[in-house]
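Residue numbers (the numbering used here), protein chains in the order written: chain A, 1 to 351; chain B, 1001 to 1339.
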């Protein structure tokens, strides 16, 4: 007779300190991490999921397959530099690419609100198709659901991406070691500020565009340049700060950033100052960070700067064994401070 | 002591205190408007937001501020229509667009934000807008400085006055304080170099045995201040006693609607019972906001009191002193350096 351990009788989802889902649970900050750690990982229990990377790498027969999935709920649907369709392709391609995968196939599921203009849907789908063609991936399966007016905001997209990973590649957020360098592919905060400006009708002297772009060729160039890349992350919700924190936590290391080295476009800096936001936490859709062994850092950096999506790449920090799990920053004045992970979204300040 | 929370934030963010010689100690004042808003006001805002037919709008950072039991984000998750507004005029637009709903703007802040709130009430009155009101909690800087200086425990030897408040209100009140209490006051800006220059100006006054008001933030502050803004404040509000979260009541340190504007005062429109909320016994915020203790002197700091679960005012918003230490100094705080 087999005995079943009592713990298996209940769904192993921890009680959280929140009795309802808050918007902050979708911010990419601490609340999002809590949700994943306390609800999803214990419930599903797979080792691939528990690695908390942007993609899972699984073995099918002799091949290594990377899988990722992502949902897009951006408002407005069209914004300078892109739209929800191209964003869905780029975001999914990037989640595969930063795992060292070659993106091959996408699925596309649409949740449409009753009353959505057919012309809007056509424009989104055409843009998605064009983005997929340019990125060299094929959309091979899909699904459509229509919900009553008011039950969705115009149009939501979910995509799943599949790619292959070469046998010699082994990237993981748990591989950062003291002494490794942090490389950033370019100026931060452009996507988040573009969306905020559109949403709130804010106008600036010069146009800020989303940086939405597929990063797979950049990732491939980097991986070819030198063997010492430990891990890569694309910067999305929660910005540079969230991505670095995830790596610091997974690898149980500290990270010290160099404020002077982090590129931020003047327009983005100005908009952030006006709104009381910190560019470190603002979303991006076409930037990545890489943790690179010190001896490979300059080779990877020069490969990045040769790629058109990373001309302004910089080494922005170092992995340390001090204050494990914390991210700090050497400020412009030479002092040192903690870069915290936000609980929820950044909120515009009162004054 | 710097008064403004924005200045506290800059000091900790750039570690300005680390750069100064040990003879200069910086202590942090009560100037984070979000922090000093009484928990009772947040409780009232939540109660109003949960009433049927109400839209409650406020500045983004007010939505996460905990009252005695909950915050506006949680009220929103429970079904309340809570919206982020960038200005009170935006709340007026919401009222125009929703004539069958009652729109309430939660209006808090120092003299900096009060004129914009006054304009919204003035405009609503002019348009006879019947579905708009404001729940206000306005605080004034000079009465708070006076209360600090009158305290027998005071150890502040110079003040950095808040640049934005002085842009609106001018320097007159601060000149009176400097001569009444023989204390140097320098109006400072918000960039690291602004604050370093303001500190230098204070030190020079102290070394010369002077006590007057000086203006470091000349690119923004004029002696008279912004006269039209002061006019609209006087038109809509009158000075009243005010409770400060973490400090207590300070005489004549707030603004309330004049009787002519009673129709726009959410306190009267909604006839809410006033609830007294006690401050947690372990919290030493009153000592911190007077510069008598540092955030890291508190036994609850970073353990039982964090930005997610603040016990008291200075941990409530990112610009409060305790939150600034928590956000920027954990790597050098014993017991909190390893997480």
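For each residue, glycine too, the CB sits at the ideal point set by N, CA and C.
Distance check between residue 154 of chain A and each of A/238, A/37, A/75 and A/23 places A/75 closest, using alpha-carbon atoms only.
A direct Cα-Cα distance of roughly 40 Å separates residue 105 of chain A from residue 276 of chain A. Annotated as proximal: residue 280 of chain A and residue 339 of chain A, with beta-carbon spacing under 9 Å. Beta-bridge partners assigned by DSSP to residue 72 of chain A: A/157.
9 Å or more divides the Cβ of residue 210 of chain A from the Cβ of residue 115 of chain A. Residue 1182 of chain B carries a coil assignment under DSSP once its states are collapsed to helix, strand and coil.
In the structure shown, the three-state DSSP call for residue 1271 of chain B is coil.
Shown here, residue 245 of chain A sits in a helix according to DSSP, grouped into three states. The count of Cβ pairs closer than 8 Å, one atom from the region 1011-1026 of chain B and one from the region 1171-1185 of chain B, stays below three, leaving the stretches out of contact. In the DSSP annotation of this structure, the continuous segment of the alpha helix (DSSP H) that includes residue 1325 of chain B starts and ends at 1321-1329. Around the beta carbon of residue 40 of chain A, fewer than 16 other beta carbons sit within 10 angstroms, so the residue counts as exposed. Nothing from the region 70-95 of chain A brings a Cβ to less than 7 Å from some Cβ of chain B.
Annotated three-state conformation of residue 302 of chain A is helix, per DSSP. Annotation for residue 198 of chain A: the continuous alpha helix (DSSP H) segment containing it runs 190-200. Of all C-beta pairs linking the region 1230-1243 of chain B to the region 1188-1197 of chain B, fewer than three are shorter than 8 Å, placing the two stretches out of contact. Listed along chain B are 1086, each with a C-beta nearer than 8 Å to that of residue 200 of chain A.
Chain-ordered, the chain B residues with CB closer than 7 Å to the CB of residue 335 of chain A read 1014, 1015, 1018 and 1019. The DSSP-derived three-state label of residue 32 of chain A is helix. Residues are counted here when their Cβ sits less than 9 Å from a Cβ of chain A; for the region 1322-1333 of chain B these are 1326, 1327, 1328, 1329, 1330, 1331 and 1332, given in chain order.
Within the region 1064-1151 of chain B, the runs of beta strand (DSSP E) at least 3 residues long that lie entirely inside it are, in chain order, 1081-1084, 1102-1109 and 1132-1139. Ranking A/23, A/29 and A/22 by CA distance to the CA of residue 240 of chain A puts A/29 first. The shortest CA-to-CA distance from residue 71 of chain A to any of A/98, A/57, A/160 and A/25 is the one to A/160. DSSP places residue 1255 of chain B in the strand class (E or B) of the three-state scheme. For residue 126 of chain A, there is no enclosing beta strand (DSSP E); the enclosing alpha helix (DSSP H) covers residues 118-135.
The residue from B/1277, B/1141 and B/1052 with its alpha-carbon nearest to that of residue 1100 of chain B is B/1052. Against chain A, the CB of residue 1102 of chain B has no partner CB under 9 Å away; the residue lies outside that interface.
Burial check for residue 1021 of chain B: the Cβ neighbour count within 10 Å stays below 16, so the residue is exposed.
For a Cβ distance threshold of 9 Å, residue set 18, 19, 20 and 22 of chain A lies close to residue 1074 of chain B, ordered along the chain. Shown here, residue 281 of chain A sits in a helix according to DSSP, grouped into three states. Counting along the chain, no beta strand (DSSP E) covers residue 335 of chain A, and no H or E run does either. For the 9 Å CB-CB criterion, residue 1312 of chain B and residue 1280 of chain B form a contact. The Cβ atoms of residue 54 of chain A and residue 89 of chain A lie no closer than 9 Å to each other. Setting aside the 5 residues that flank it on each side, residue 1304 of chain B is surrounded in the same chain by 1282 and 1311, each with a C-beta closer than 8 Å to its C-beta; the list follows chain order. Look at residue 53 of chain A here: in three-state DSSP terms it is coil, with no helix or strand label. Residue 152 of chain A is not a Cβ neighbour of residue 184 of chain A, given a cutoff of 9 Å.
Under the three-state reduction of DSSP, residue 216 of chain A is assigned to helix.
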